[in-house]
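Student: Dumping the structure here so I can ask a few things about it.
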Amino acid sequence: MARRDAVRIATRVTTGIAGVAVLGVVVAGALLLPPSTVGDSAPSVLVTPVATDQLRVCAGALLRPPEADASSTTTAVAVGSAAVTSGSAVAGEAAGGPGVRTSRIPAPDVQGGDSSQASVLAVAGDVDGEPTDLAGAASEIAGESDLAGLAAVPCAEPTAESWLVGGATTTGRTTFVVLDNPSGVASTVDLAIAGEEGPVSAPGASGISVPAGSRRVLSLAGLAPDLASPAVHVQSRGGQVVARLEQSTVRGLLAGGVDWIGPAAAPATRLTMTGLRIDSASAPVAPVEGEEAPAVDDGGSAPGAGSDPGTDPDRETAVRILVPGTEDADVSVSVAPRTAPTARARPSRCRPTLAAPSTCPSPTSPTAATP
1 MARRDAVRIA
11 TRVTTGIAGV
21 AVLGVVVAGA
31 LLLPPSTVGD
41 SAPSVLVTPV
51 ATDQLRVCAG
61 ALLRPPEADA
71 SSTTTAVAVG
81 SAAVTSGSAV
91 AGEAAGGPGV
101 RTSRIPAPDV
111 QGGDSSQASV
121 LAVAGDVDGE
131 PTDLAGAASE
141 IAGESDLAGL
151 AAVPCAEPTA
161 ESWLVGGATT
171 TGRTTFVVLD
181 NPSGVASTVD
191 LAIAGEEGPV
201 SAPGASGISV
211 PAGSRRVLSL
221 AGLAPDLASP
231 AVHVQSRGGQ
241 VVARLEQSTV
251 RGLLAGGVDW
261 IGPAAAPATR
271 LTMTGLRIDS
281 ASAPVAPVEG
291 EEAPAVDDGG
301 SAPGAGSDPG
311 TDPDRETAVR
321 ILVPGTEDAD
331 VSVSVAPRTA
341 PTARARPSRC
351 RPTLAAPSTC
361 PSPTSPTAAT
371 P
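Every letter in the sequence shown is one number past the one before it in the UniProt record's numbering, and letter 195, counting from 1, is 195.
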């Protein structure tokens, strides 16, 4: 028993001595370290930003639906080819900018060979430290029996979000959603579609894969049929994309027009549309609140009215408005004529339905819609 107590006492003494020794080593080490200097800064590296290339993506050829063929894997057929005009400049200089490089984006699900490929324009982001500007436009004239007219649209910069307001999926109207991904990263795209009655449930409109450096073409009617005034909100993850609509019309057996519709301005409380062409025979003139309606002629039409207004809505000039929020909007539309820019604008008011585009008549009906 005495021996066991002796061992226990010896163990405690040894542990205490070891603890003191360790503490002594720690204190001695702290004393030997060099004192810290107040104001010492962390290591730093000077990085000079390098401007990336400016990119613009231009429309490819006009498209038509493929022939009814169960074995076909194409979503569209290319018709003709688009002409692209481009130019660049350096900020603050009158002379031309650097040369514009051109490449192509293949469209594997479009029949028609190289003509269906979109053009990608690129220039250096700066020249001698000065930023560069880049612009371009694509145009094409089609003369087919079921696809005819002039289409033109600016070349657009890739973005992660865009708004497309136009097109139709009613009888005789064909609208394609075209997604171009010029980046080196695959993109996943979600489409939120709204119609006259509000948001549309569209299976297949989310999680659309657009491979890097590739194009996808989708039929809007396949996602949301029977819409007279659709609007599409495009959001992408991964690579940024350029989105546009292509609208074509067939009236009876004859082609009635074609157009490309590029991204519109993001939702705002004030928007301005410039350079609009207003045909005098496009639609009846609407009265301004508090004023008398225009007089009608012997045939029962107001000045400026077509012979049969309302029977073919896309022949009439109209403003198409999308309200993406959770509340109705009170919208006022005013027009300043080209010949009298200081003249009083004549507003008319409309209240679109929740989250739905509406055709709001205005005194001279400027247009943001397609043919």
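Glycine is no exception: its CB is placed at the ideal position from the N, C-alpha and C atoms.
This one's a predicted model, so the numbers in the text were calculated from it and none came from an experiment.
(1) According to DSSP, simplified to helix, strand and coil, what is Asp-190?
(2) From which residue to which residue does the beta strand (DSSP E) around Gly-222 run?
(3) Let me check understanding here. Comparing Cα to Cα, which of Glu-140, Arg-104, Val-258 and Ala-61 lies closest to Leu-55?
(4) Just to confirm the assignment, what range does the beta strand (DSSP E) spanning Glu-316 have?
(5) Secondary structure at Ser-119, three-state DSSP: helix, strand or coil?
(6) Kindly confirm or deny that the stretch 257 to 273 and the stretch 149 to 165 touch, where touching means at least three C-beta pairs closer than 8 Å.
(7) So, using beta-carbon positions, are Arg-251 and Thr-188 closer together than 8 Å?
(8) Determine the direct distance from the alpha carbon of Asp-133 to that of Asp-126, and round the result to whole angstroms.
(9) So, is Leu-271 buried or exposed, given that buried needs 16 or more other C-beta atoms within 10 angstroms?
(10) Under 8 Å by Cβ, that's how I've got Ser-214 and Pro-108 pegged, so tell me the actual separation to the nearest angstrom.
(11) With a 10 Å radius around its C-beta and 16 neighbouring C-beta atoms as the bar for buried, classify Val-26 as buried or exposed.
(12) When the Cα of Val-84 is compared with those of Ser-115, Ala-78, Ala-160 and Gly-167, which residue comes out closest?
(13) Where do the ends of the beta strand (DSSP E) carrying Leu-179 lie?
(14) Per DSSP, which residues does Cys-58 bridge with? Please list them.
(15) Could you please give the first and the last residue of the uninterrupted beta strand (DSSP E) stretch that includes Gly-256?
(16) Measuring CA to CA, which of Ala-122, Ala-224, Val-79 and Glu-197 is closest to Ser-248?
(17) Just curious, the beta strand (DSSP E) that Leu-227 is in, first and last residue?
(18) When DSSP labels each residue in this structure, what does Asp-126 get in the three-state scheme?
(19) Mapping DSSP to helix, strand and coil, what is Asp-109?
(20) Tell me the DSSP bridge mates of Arg-104?
(21) First and last residue of the beta strand (DSSP E) that includes Pro-267?
(22) Under 8 Å, do Leu-121 and Val-153 count as touching if we go by C-beta distance?
(23) On the DSSP bridge assignment, give the partners of Gln-235 in chain order.
(24) Using three-state DSSP, classify Asp-133 as helix, strand or coil.
(25) Which whole-angstrom value describes the C-beta separation of Arg-82 and Thr-169, a residue pair presumed to lie in contact below a C-beta threshold of 8 Å?
(26) Among Ala-59, Pro-49, Pro-267 and Ser-119, whose alpha-carbon lies nearest the alpha-carbon of Gly-325?
(27) Inspect the beta-carbon positions of Val-57 and Val-242 and report whether they are closer than 8 Å.
(28) What first and last residue would you give for the beta strand (DSSP E) that runs through Arg-277?
(29) Relative to the C-alpha of Phe-176, which residue among Val-185, Val-331, Ser-145 and Leu-191 is closest?
(30) Here's a check: name, in chain order, each residue in its chain whose Cβ is nearer than 8 Å to the Cβ of Pro-98, leaving out the five neighbours to either side.
(31) Can you check which of these residues, Arg-320, Pro-158 and Trp-163, is closest to Val-331 by C-alpha distance?
(32) Tell me the rounded alpha-carbon separation between Glu-327 and Gln-117.
(33) If you compare alpha carbons, which of Ala-68, Glu-130, Trp-163 and Ser-183 is closest to Ala-51?
(34) If we count the other Cβ atoms within 10 Å of its Cβ and call it buried at 16 or more, is Pro-182 buried or exposed?
(35) Assign Ser-334 to buried or exposed, taking buried as 16 or more other Cβ atoms, counted over all protein chains shown, within 10 Å of its Cβ.
(36) Would you please state the rounded distance, in angstroms, between the beta carbons of Thr-75 and Leu-218? I believe it to be under 8 Å.
Tutor: So, from the data block:
(1) If you number the sequence shown from 1, residue 190 lands on position 190. Strand at Asp-190.
(2) Here residue 222 corresponds to residue number 222 of the sequence shown, with the count starting at 1. Run containing Gly-222: none in the beta strand (DSSP E); it sits in the alpha helix (DSSP H), 220 to 223.
(3) Within the sequence shown, the letter at position 55 stands for residue 55. The candidate whose alpha carbon is nearest that of Leu-55 is Arg-104.
(4) The residue you call residue 316 lines up with position 316 of the sequence shown. Counted as a single uninterrupted DSSP element, the stretch harbouring Glu-316 is not any beta strand (DSSP E), since DSSP gives it neither H nor E.
(5) Within the sequence shown, the letter at position 119 stands for residue 119. It is a strand residue.
(6) The answer is yes - the stretch 149 to 165 touches the stretch 257 to 273, with three or more Cβ pairs under 8 Å.
(7) Numbered from 1 along the sequence shown, position 251 holds the residue referred to as residue 251. Numbered from 1 along the sequence shown, position 188 holds the residue referred to as residue 188. No. Outside cutoff.
(8) In the sequence shown, counting from the first residue as 1, residue 126 sits at position 126. In the sequence shown, counting from the first residue as 1, residue 133 sits at position 133. The straight-line gap from Cα to Cα measures roughly 9 Å.
(9) The sequence position of residue 271 within the sequence shown is 271, counting from 1. Burial is judged here by how many other beta carbons sit within 10 angstroms of a residue's own beta carbon; Leu-271 has fewer than 16 and is exposed.
(10) Here residue 214 is taken as the residue at index 214 of the sequence shown, counted from 1. Here residue 108 is taken as the residue at index 108 of the sequence shown, counted from 1. Contact flag correct, Cβ pair sits at about 7 Å.
(11) On the sequence shown, position 26 is the one that residue 26 refers to. Below a pLDDT of 50, predicted positions are generally treated as unreliable, and Val-26, at 46, falls in that range; no measurement from the model is reported.
(12) Mapped onto the sequence shown, residue 84 falls at position 84. Cα-wise, what sits closest to Val-84 is Ser-115.
(13) If you number the sequence shown from 1, residue 179 lands on position 179. 173 to 181 is the extent of the beta strand (DSSP E) around Leu-179.
(14) Start at 1 with the first residue of the sequence shown, and residue 58 comes out as number 58. Beta-bridge partners of Cys-58 (DSSP): Ser-119.
(15) Here the question's residue 256 lines up with position 256 in the sequence shown. Secondary structure note for Gly-256: its beta strand (DSSP E) is the uninterrupted segment 254 to 261.
(16) Here residue 248 refers to the residue found at position 248 when the sequence shown is read from its first residue. Among Ala-122, Ala-224, Val-79 and Glu-197, the Cα nearest to that of Ser-248 belongs to Val-79.
(17) Against the sequence shown, residue 227 aligns to sequence position 227. No residue range can be given for Leu-227, since it is assigned to no beta strand (DSSP E) and is classified by DSSP as neither H nor E.
(18) Along the sequence shown, one-based indexing puts residue 126 at 126. Residue state, collapsed to three classes: strand.
(19) Within the sequence shown, the letter at position 109 stands for residue 109. Residue state, collapsed to three classes: coil.
(20) Against the sequence shown, residue 104 aligns to sequence position 104. DSSP output for Arg-104 lists Ser-119 as bridge partner(s).
(21) In the sequence shown, the residue the question calls residue 267 occupies position 267. In the DSSP annotation of this structure, Pro-267 is not part of any beta strand (DSSP E), being labelled neither H nor E.
(22) Within the sequence shown, numbered from 1, the residue matching residue 121 stands at position 121. Within the sequence shown, numbered from 1, the residue matching residue 153 stands at position 153. In this structure, Leu-121 keeps its C-beta atom at 8 Å or more from the C-beta atom of Val-153.
(23) On the sequence shown, residue 235 is found 235 positions in, with the first residue counted as 1. DSSP lists Glu-161 and Asp-190 as partners of Gln-235.
(24) Working through the sequence shown from its first residue, we reach residue 133 at position 133. Asp-133: strand per DSSP, three-state reduction.
(25) If you number the sequence shown from 1, residue 82 lands on position 82. If you number the sequence shown from 1, residue 169 lands on position 169. For the sequence presented, residue 82 should be read as Ala rather than Arg. The distance from the Cβ of Ala-82 to that of Thr-169 is about 24 Å, inconsistent with a contact at the 8 Å cut-off.
(26) Locating residue 325 in the sequence shown gives position 325, counting from the first residue. The residue from Ala-59, Pro-49, Pro-267 and Ser-119 with its alpha-carbon nearest to that of Gly-325 is Pro-267.
(27) Along the sequence shown, read from residue 1 onward, the residue named residue 57 stands at position 57. Along the sequence shown, read from residue 1 onward, the residue named residue 242 stands at position 242. Annotated as proximal: Val-57 and Val-242, with beta-carbon spacing under 8 Å.
(28) Here residue 277 refers to the residue found at position 277 of the sequence shown. That residue, Arg-277, is in no beta strand (DSSP E); it is neither H nor E in DSSP.
(29) Working through the sequence shown from its first residue, we reach residue 176 at position 176. Among Val-185, Val-331, Ser-145 and Leu-191, the Cα nearest to that of Phe-176 is on Leu-191.
(30) By one-based count along the sequence shown, residue 98 stands at place 98. The beta carbon of Pro-98 sits closer than 8 Å to those of Ser-88, Val-90, Val-123, Ala-124, Val-127 and Thr-132, all from its chain and outside the five residues before and after it, given in chain order.
(31) For the purposes of this step, residue 331 is taken as the residue at position 331 of the sequence shown. Nearest option by C-alpha distance: Arg-320.
(32) In the sequence shown, the residue the question calls residue 327 occupies position 327. In the sequence shown, the residue the question calls residue 117 occupies position 117. Those two C-alpha atoms are separated by around 41 Å.
(33) For this step, residue 51 is matched to residue 51 along the sequence shown. Just measuring C-alpha positions, the residue of Ala-68, Glu-130, Trp-163 and Ser-183 sitting nearest Ala-51 is Glu-130.
(34) Within the sequence shown, numbered from 1, the residue matching residue 182 stands at position 182. The Cβ neighbour count for Pro-182, taken over all protein chains shown within 10 Å, is at least 16; the residue is labelled buried.
(35) The residue you call residue 334 lines up with position 334 of the sequence shown. With fewer than 16 other Cβ atoms inside 10 Å of its own Cβ, Ser-334 counts as exposed.
(36) Here residue 75 refers to the residue found at position 75 of the sequence shown. Here residue 218 refers to the residue found at position 218 of the sequence shown. Contact holds; Cβ gap of about 6 Å.
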